[in-house]
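K.L.:
In case it helps, mature numbering (1 follows the signal peptide of the UniProt record, and there is no 0) puts the sequence shown at residues -29 to -1, 1 to 386. Glycine included, each C-beta is placed from N, C-alpha and C at the ideal position. Remember, predicted model here, so these are calculated numbers, not experimental data. I am attaching a structure below and will ask some questions about it afterwards.
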Amino acid sequence: MSRLLGFNGRLAVLLSLLLTLLAPAVACAAADAGFTAFIASLWPEARDAGVPRATFEAETAGLEPDYKLPDLLLPGRPATGAPSQAEFVQVPADYVKEASIARLAQEGQRLLKQHRATLAAIEQRFGVPATVVLAIWGRETDFGRYRLPYDALRVLATQAYVGRRKEQYRTEFIMALKIIGEGHVPRKDMRSSWAGATGLTQFLPSEFYNHGVDFDGDGRIDIWRSIPDALASAAQQLANKGWQPGLRWAYEVRAPKDVDCSQGVPEITKPIGEWIRSGFVPVRGQKLSAAERAEPASLLQPEGIYGPAFLTTKNYFVIKQYNFSDLYVLFVGHLADRILDPQPFATPWSATTQLRSTDVEAMQRQLTKLGLYADKIDGKAGMQTRAALGAYQKSAGLKLDCWPSDAVLRSLARR
């Protein structure tokens, strides 16, 4: 009897261990069954959007989610952060790298000559400078050399199922099916970023339909293989979002020593001439015309008081609609300038303090409680966060630098 009890005990332990090992697989299978049902439920919307039934069935058969993607909300697991959500706050020098800018600018100069006629025609039609569309192409896919790592359809389906922006990606997934169904590109060539942007100049599927251009005249819009189509589509997107021909994206300036960096938000705009009269000086002795001085602009200090300062025009914010990151706009704008002029920013980046993103999130929450911050809690030292920090520093009698630091973190923690 004791031997039997011992055997039964060991068997129970083994069964318990086996169930423990199988539990994740069972949960995963259940989740995947849920995913399959979710995808099937999208057919009525896809049909109404013009997706052929044959395309829907062929492309969704065997489609599996990719739970390794960033920016997902998975039941029972911590939310996955975006790749840009690094452990430490990213300083501009780590993003707008001089070596990268110099390499891409040199290649951009070569491509400007190679595609001169096409780029001139694009600028004539849309009013967007050749250097700007080249800079977008360079930043997005290294002028087509970078192979996008993901299957766009799988990415969009996963984001629609468990992403942070389900409704948006639901539409994007259906639009991607429509693109394939209409024969614009085969699925194998529809590679994307983790966020589902695809093509040489990185469009979401809805943007393809909103801004895509057949510029080479072959009867189809091909942002994956046709350089004229991809560049013209990027220009069309900027034009549709309000690009003003003949207007720079920004002017680098030297800020006065007593600058109130908390004014660096889009809501505060003044004519450039007024900024200049208050002590902001265009770098390298640049002379601005009367028309330029009359243009409204906002102050941008990406490192608070520690690095370059810029007066940003409406076109800065048009590029920001292409990609919401201020560092992205700086990269594209500066690269566009460097294709024509080899000079780097006149003021070097100099901020060295790097707080953890979780610390910046704590700051944002406290600043929200104090009524100084109303944007999203994302752990990034963006424009609104820097301005809120500056407003707090002024109220608390701290050094006004509009940059996250241990001193500000400690002060906020005491509130």
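Using the Cα positions of Glu78 and Arg116, report the straight-line distance between them to the nearest angstrom.
P.N.:
Counting from one through the sequence shown, the residue named residue 78 turns up at place 107. Counting from one through the sequence shown, the residue named residue 116 turns up at place 145. Put simply, the backbone Cα of Glu78 is about 12 Å away from that of Arg116.
K.L.:
Taking the beta carbon of Val27 as the centre, do at least 16 other beta carbons fall within 10 Å, making it buried, or is it exposed?
P.N.:
One-based indexing of the sequence shown puts residue 27 at position 56. Val is not the amino acid found at residue 27; the sequence shown has Phe there. The residue is buried, with at least 16 neighbouring Cβ atoms inside 10 Å.
K.L.:
I'd like to check one pair, Val236 with Ala317: are the Cβ atoms closer than 8 Å?
P.N.:
By 1-based counting over the sequence shown, the position of residue 317 is 346. By 1-based counting over the sequence shown, the position of residue 236 is 265. No, the Cβ-Cβ distance between Ala317 and Val236 is not below 8 Å.
K.L.:
Enumerate, from N- to C-terminal direction, the unbroken alpha helix (DSSP H) stretches of 4 or more residues contained entirely within the stretch 217 to 262.
P.N.:
243 to 248
K.L.:
Between Gln314, Asp231, Asn211, which lies nearest to Asn286 when the distance is taken from Cα to Cα?
P.N.:
Start at 1 with the first residue of the sequence shown, and residue 286 comes out as number 315. Checking every option, the nearest Cα to that of Asn286 belongs to Asn211.
K.L.:
Return the CA-CA distance between Pro279 and Gln325, expressed in angstroms with no decimal places.
P.N.:
On the sequence shown, position 308 is the one that residue 279 refers to. On the sequence shown, position 354 is the one that residue 325 refers to. Approximately 18 Å, taken between the alpha carbons.
K.L.:
As an exercise, report each continuous beta strand (DSSP E) stretch of at least 3 residues that is fully enclosed by the stretch 331 to 377, in chain order.
P.N.:
Contiguous beta strand (DSSP E) elements confined to the stretch 331 to 377 do not occur, taking only those with 3 or more residues.
K.L.:
Classify Ala168: buried if its beta carbon has 16 or more other beta carbons within 10 angstroms, exposed otherwise.
P.N.:
The residue given as residue 168 occupies position 197 in the sequence shown. Counting Cβ neighbours within 10 Å, Ala168 comes out buried, since at least 16 surround it.
K.L.:
Sorted by chain position, which residues of the same chain lie with C-beta nearer than 7 Å to Ser163's C-beta, five sequence neighbours on each side aside?
P.N.:
Counting from one through the sequence shown, the residue named residue 163 turns up at place 192. Once the five neighbours on either side are set aside, the close Cβ partners of Ser163 are Leu119, Tyr121, Ala123, Val126, Thr169.
K.L.:
For the alpha helix (DSSP H) containing Glu111, name the first residue and the last one.
P.N.:
Position 140 of the sequence shown holds residue 111. First-last of the alpha helix (DSSP H) with Glu111: 101 to 112.
K.L.:
Taking the continuous alpha helix (DSSP H) assigned at Pro273, which residues delimit it?
P.N.:
The residue you call residue 273 lines up with position 302 of the sequence shown. Looking at the DSSP string, Pro273 is not in any alpha helix (DSSP H); the run it does join, the beta strand (DSSP E), is 273 to 276.
K.L.:
Near Leu(-9), what residues of its chain come up, given a Cβ to Cβ distance below 6 Å and the 5 sequence neighbours on each side ignored?
P.N.:
To locate residue -9, count along the sequence shown from 1; it is residue 21. At Leu(-9) the pLDDT is 48, less than 50, meaning the model places this residue with poor confidence and gives no usable figure here.
K.L.:
Note down the Cα distance separating Thr89 from Leu311, rounded to an integer number of angstroms.
P.N.:
Position 118 of the sequence shown, counted from the first residue, corresponds to residue 89. Position 340 of the sequence shown, counted from the first residue, corresponds to residue 311. Straight-line spacing of the CA atoms in Thr89 and Leu311 works out to 18 Å.
K.L.:
Taking buried to mean at least 16 other C-beta atoms within 10 Å of its own C-beta, is Lys351 buried or exposed?
P.N.:
Working through the sequence shown from its first residue, we reach residue 351 at position 380. By the 10 Å Cβ count, Lys351 comes out buried.
K.L.:
So, at 7 Å on beta carbons, what are the nonlocal neighbours of Ala(-3) in its own chain, with the 5 sequence-adjacent residues on each side left out?
P.N.:
As a first step, residue -3 is located in the sequence shown; it is residue number 27 there, counting from the start. Interpretation of Ala(-3) is limited by its pLDDT of 44, a score under 50 that renders its predicted location unreliable; the figure taken from the coordinates is listed afterwards. Result list for Ala(-3): empty, nothing under 7 Å.
K.L.:
With distances taken Cα to Cα, identify the nearest neighbour of Gly109 among Ala147, Leu383, Gly342, Val303.
P.N.:
As a position in the sequence shown, residue 109 is number 138, starting the count at 1. Here the closest residue by C-alpha is Val303.
K.L.:
Taking Cβ positions, are Glu143 and Ser177 nearer each other than 8 Å?
P.N.:
Taking the sequence shown and counting its residues from 1, one reaches residue 143 at position 172. Taking the sequence shown and counting its residues from 1, one reaches residue 177 at position 206. Judged by their CB atoms, Glu143 and Ser177 are nearer to each other than the 8 Å cut-off.
K.L.:
Taking all protein chains shown into account, do 16 or more other C-beta atoms lie within 10 angstroms of the C-beta of Arg219, making it buried, or fewer, making it exposed?
P.N.:
To locate residue 219, count along the sequence shown from 1; it is residue 248. Buried, since its Cβ has 16 or more Cβ neighbours within 10 Å.
K.L.:
Looking at the structure shown, is Arg18 part of a helix, part of a strand, or coil, going by DSSP?
P.N.:
In the sequence shown, residue 18 corresponds to position 47, counting from 1. Three-state result, Arg18: helix.
K.L.:
Near Pro(-6), what residues of its chain come up, given a Cβ to Cβ distance below 6 Å and the 5 sequence neighbours on each side ignored?
P.N.:
One-based indexing of the sequence shown puts residue -6 at position 24. Low per-residue confidence applies at Pro(-6): pLDDT is 45, beneath 50, and the placement is therefore not dependable, though the value from the model is reported in the following sentence. There are no such residues.
K.L.:
For residue 389, which option in Val133, Asp297, Gly275, Leu148 has the closest C-alpha, if you only look at C-alpha atoms?
P.N.:
Any property of residue 389 remains undetermined from this structure, which presents the chain solely from -29 to 386.
K.L.:
Who are the Cβ neighbours of Ser(-28) in its own chain at under 6 Å, not counting the five residues just before and after it?
P.N.:
Residue -28 sits at position 2 when you count from the first residue of the sequence shown. The predicted model places Ser(-28) with a pLDDT of 48, which falls under 50 and marks its position as unreliable, so this point remains unresolved.
K.L.:
Quick check: the Cα distance between Ala166 and Leu44, rounded to an integer number of angstroms?
P.N.:
Within the sequence shown, numbered from 1, the residue matching residue 166 stands at position 195. Within the sequence shown, numbered from 1, the residue matching residue 44 stands at position 73. C-alpha separation (whole angstroms): 14 Å.
K.L.:
For Ala131 and Gly217, what's the separation of their Cα atoms in angstroms?
P.N.:
Here residue 131 is taken as the residue at index 160 of the sequence shown, counted from 1. Here residue 217 is taken as the residue at index 246 of the sequence shown, counted from 1. About 39 Å.
K.L.:
Which value, in whole angstroms, describes the spacing of the CA atoms of Phe281 and Tyr140?
P.N.:
As a first step, residue 281 must be located in the sequence shown, where it is residue number 310. As a first step, residue 140 must be located in the sequence shown, where it is residue number 169. Cα to Cα, the separation comes out at about 34 Å.
K.L.:
Check for me: the beta strand (DSSP E) holding Phe281 runs from which residue to which?
P.N.:
The residue you call residue 281 lines up with position 310 of the sequence shown. It spans 280 to 283 - the beta strand (DSSP E) in which Phe281 sits, taken as one unbroken run.
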